[in-house]
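Following: one structure in structure tokens, then a few remarks.
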Amino acid sequence: MQIHLILVPYDLGRENYGMGKAPLLYRQAGAEQLLADNGHTVLVKRLHVEELPAEQLHASVAINKLVAHAVEETLAANAFPLILGGSCDLSLGILGGFDHAKTGIIWLDAHADFNTPETTVSGYFGGMPLAIATGRCYQDLWSQIGNSAPVTDSHVVMVGVRDVDEQEQIQLTESAITVLPVETLQQEQPQSRLQELATDVRDIYLHFDLDVHDGQNMPGFDFPVPGGPTPQEVEQAIHTIAHYLPIKAAALTAYNPDRDPEQKTLQTALNMIATIAEAAQTR
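Heads up: the sequence shown begins at 951 in my numbering, then just goes up one per residue.
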């Protein structure tokens, strides 16, 4: 499979800072060669904004315009866009890069990222991307990036989400979004939800936040959450998802090397990059 490995070394508008250090570390650790060894043809694209705005939201827009353009180019070349990033706001650039009317979202994350400016406790913009993508806030911002058509709630499945703010939970409960634990994806009822989604969409965007894993046993996360799945369970879940739903694009986010000085989680991240590519090959 032809893969465009798109490196987005930004953490909420800050280059090579915090989670933004992960993409270049992945490449340094051999991500490109790993994919090549598995039979893929790999083209690496590192994104860089020449004049980055100082204000966070404006910086996010500038970065995500480049992400959207890179994804658009990748799909036009009939290649698979695999985006290695820092913060989750890059999902807006990915979705902005193509017509996603018939594309679902699998949100593999410990956090729902479903806050709006009205529900957020912290004001953290990185906790809002899925609310933006489903049309709940910042539509003027998203429209500057690319295709900003809101994703239908019923086309979204959250997997592994277990850390949700109180008002965020109310908003989530009132939505038509499905929330599934990772480990249940091997059971009949959750798989039937994936089958149902497959009748409504052609393919999916897989958003994979590494902190979906158990934060007590895996370092490297800014917002670790206990009680998550093992890497083996996550790998199995990705293959189960891909069995029912072709993966059109995927992103790996939320690993902060500064919080993992011994790089204990790095190999898991590399394994997940390989797993995503293997699963996407069935598209």
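Even glycine gets a Cβ: it sits at the ideal position worked out from N, Cα and C.
Helix, strand or coil: which one does DSSP assign to glycine 1035? The sequence position of residue 1035 within the sequence shown is 85, counting from 1. For glycine 1035, the three-state secondary structure derived from DSSP is strand.
Starting from histidine 1008, trace the alpha helix (DSSP H) in both directions and tell me its first and last residue. Within the sequence shown, the letter at position 58 stands for residue 1008. Annotation for histidine 1008: the continuous alpha helix (DSSP H) segment containing it runs 1006-1026.
Beta-carbon proximity check, asparagine 1065 vs alanine 1081, cutoff 7 Å: Taking the first residue of the sequence shown as position 1, residue 1065 is located at position 115. Taking the first residue of the sequence shown as position 1, residue 1081 is located at position 131. Going by C-beta atoms, asparagine 1065 is nearer than 7 Å to alanine 1081.
With a threshold of 6 Å on Cβ separation, who are the neighbours of leucine 1130 within its own chain once the five nearest residues in sequence on each side are excluded? Walking along the sequence shown from the start, residue 1130 turns up at place 180. Hits under 6 Å: Val1109 and Pro1140.
Counting only beta-carbon atoms, is glutamine 1137 nearer than 7 Å to chain B? The structure shown has no chain B; it contains just one protein chain.
Unbroken alpha helix (DSSP H) run spanning histidine 1189, endpoints: The residue given as residue 1189 occupies position 239 in the sequence shown. Going by DSSP, histidine 1189 is part of the alpha helix (DSSP H) stretching over 1181-1194.
Compute the beta-carbon to beta-carbon distance between leucine 1032 and alanine 1204, rounded to the nearest angstrom, for a pair I have assumed lies under 8 Å. Numbered from 1 along the sequence shown, position 82 holds the residue referred to as residue 1032. Numbered from 1 along the sequence shown, position 254 holds the residue referred to as residue 1204. Going by Cβ atoms, the distance from leucine 1032 to alanine 1204 rounds to 16 Å, so no, they are not a contact pair.
Taking only the alpha-carbon atoms, compute the straight-line gap between proline 1067 and asparagine 988 and give it to the nearest angstrom. On the sequence shown, position 117 is the one that residue 1067 refers to. On the sequence shown, position 38 is the one that residue 988 refers to. Taking the straight line joining both Cα atoms gives about 43 Å.
Could you say which of Ile1154, Val1184 and His954 lies nearest to leucine 1025 if we only look at CA atoms? Taking the first residue of the sequence shown as 1, we reach residue 1025 at position 75. Minimum Cα distance to leucine 1025 is reached at His954.
To the nearest angstrom, report how far apart histidine 1061 and proline 1176 are at their CA atoms. Walking along the sequence shown from the start, residue 1061 turns up at place 111. Walking along the sequence shown from the start, residue 1176 turns up at place 226. Answer to the nearest angstrom: the Cα atoms are 12 Å apart.
One or two residues paired with leucine 1216 in a DSSP bridge: Start at 1 with the first residue of the sequence shown, and residue 1216 comes out as number 266. Answer is none; leucine 1216 lacks a bridge partner.
Cutoff 6 Å; reference alanine 986; Cβ partners in own chain excluding five residues on either side: For the purposes of this step, residue 986 is taken as the residue at position 36 of the sequence shown. These residues qualify, in order along the chain: Val992.
Just confirm the distance between the C-beta atoms of glycine 968 and asparagine 1206, as a whole number of angstroms; I'd bet it's less than 8 Å. Counted from its first residue, the sequence shown places residue 968 at position 18. Counted from its first residue, the sequence shown places residue 1206 at position 256. Confirmed, Cβ separation roughly 5 Å.
Among Lys971, His1189, Leu1216 and Gln983, which residue has its Cα nearest to the Cα of alanine 1230? By 1-based counting over the sequence shown, the position of residue 1230 is 280. Scanning Lys971, His1189, Leu1216 and Gln983 for the CA closest to the CA of alanine 1230 turns up His1189.
I need the straight-line Cα distance from threonine 1180 to glutamine 1186, nearest angstrom please. As a working note, residue 1180 is residue 230 in the sequence shown. As a working note, residue 1186 is residue 236 in the sequence shown. Taking the straight line joining both Cα atoms gives about 10 Å.
Is alanine 1026 a contact residue of the ligand HEM, with contact defined as CB to any heavy atom under 6 Å? Within the structure as shown, the ligand HEM is missing, as the structure has no ligands at all.
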